[in-house]
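Okay, so the sequence shown: first residue is 736 according to the working numbering, each after it adds one.
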Amino acid sequence: MAVGVGMPERWAFALGAALGWVGGSVLRIRRADVDRNLELAFPEEGPVRRRRMARASYAHLGREAVSTLRVSSRGPEEVVARTVMVGFDAFRSALAEGKGVILLTGHLGNWEVGGAAFSARGLPVDAVAKGMANPRFEAVLSALRSRVGVRLIDLADATHEGLRSLREGHVLGLIADQNARDQGIFVPFFGTEAATFRGPALLALRSGAPIFLGVSLREPGLPARYRVTIRRIVFAPSGDLETDVRALTATHTAALERAIRAAPEQYLWQHRRWKTRPPGEGDG
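If you want it as structure tokens, here you go:
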């Protein structure tokens, strides 16, 4: 049985938070990366405040892993019951225009429950997903996504399949805050250049599909509930593709940064977001 699925909710989440704490404070898994990322993102905060953010981030990660298993395994009705949508009417109106919609998110709050909140409400959702190092965990997560109606697109097929998804009038879900390495372009993220995938902007510009940022933040208290906030990324193209790709990428990255600043304890600081550096700087 998956961790925490058969327990009372309070106990399950306490266990998940405890496992997260062990990972960050005892085993110190990627703790050096977390501390370095928080210092880079919040230089104005003191070390005590940043340590609190780090501990909260690990606890949140463990708790949300349990929540994802519990909520998704119970199907679409449970997802709907656990989520409140803010800005959903405007999103549905944009989807009704027939060009599809690009839905961006980041590793903030519970992005799995957030994506499921759209498909559970009857919208066709295709999510671009990168393969995981642990095939057993990937199989479990893929099954959960399918259970709530999310169709997966492999990252290697993102451009071709993404355009087809949009032509079919679907919601195309993309994670927008991964280190893109040599495939990306550099735009500011918390004041430091970060290698960012150009795909979301390129797909939006080529297809004419509107682009939205969706963020699913966990609300305080029990039972676990999530506020899914959806905001359109407003952008006026200049007509020069390369200029527009860079500008739109910077715009949606800045929008995600603002969302993270509002709830830094719910962000995945364990990711080596700034590892790839611009030419001449070397890798961090």
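Here a beta-carbon is modelled for each residue, glycine too, at the ideal position from N, C-alpha and C.
Boundaries of the beta strand (DSSP E) harbouring SER951: 946-953, taken from the DSSP string.
Going by DSSP, ALA747 is part of the alpha helix (DSSP H) stretching over 744-756.
The continuous beta strand (DSSP E) containing ALA862 extends over residues 860-864.
Annotation for VAL806: the continuous alpha helix (DSSP H) segment containing it runs 782-808. Your pair LEU890 and ALA864 checks out as a contact, with CB atoms roughly 7 Å apart and the cut at 8 Å. Counting along the chain, the unbroken alpha helix (DSSP H) around GLY934 starts and ends at 934-942. Distance from the CA of ALA915 to the CA of TRP1009, rounded to the nearest whole angstrom, comes to 10 Å. The alpha-carbon of GLU1016 is positioned some 16 Å away from that of GLY919. CA-CA distance, ARG981 to GLU832, rounds to 26 Å. With contact defined as three or more Cβ pairs closer than 8 Å, the segment 782-800 and the segment 990-1003 are in contact. In the structure shown, PHE924 falls within a strand segment according to DSSP collapsed to helix, strand and coil. Spanning the alpha carbons of PRO923 and HIS987 requires a straight line of approximately 11 Å. Look at ALA989 here: in three-state DSSP terms it is helix. Taken through DSSP and simplified to helix, strand or coil, ILE968 comes out as coil. For GLY908, there is no enclosing alpha helix (DSSP H); the residue is found in the beta strand (DSSP E) stretching over 906-910. Between the alpha carbons of TRP1004 and ALA878 lies a distance of about 26 Å. By the Cβ rule, the segment 954-964 does not count as touching the segment 895-908, because fewer than three pairs are nearer than 8 Å. Around the C-beta of ARG784, fewer than 16 other C-beta atoms lie within 10 Å, and the residue is accordingly described as exposed. Put simply, of THR927, PHE947 and PRO743 the residue whose alpha carbon is nearest the alpha carbon of VAL806 is PRO743.
About 18 Å separates the beta carbons of GLY850 and VAL801, which is beyond the 8 Å limit, so they are not a contact pair. Excluding residues up to 5 positions away in sequence, ASP861 and LEU907 lie with their Cβ nearer than 6 Å to the Cβ of SER900 in the same chain. Judged by DSSP in its simplified three-state form, ALA930 adopts strand. Taking every protein chain shown into account, the CB of GLU779 has fewer than 16 other CB atoms within 10 angstroms, so this residue is exposed. Within the DSSP secondary-structure output, THR818 pairs in a beta bridge with TYR961.
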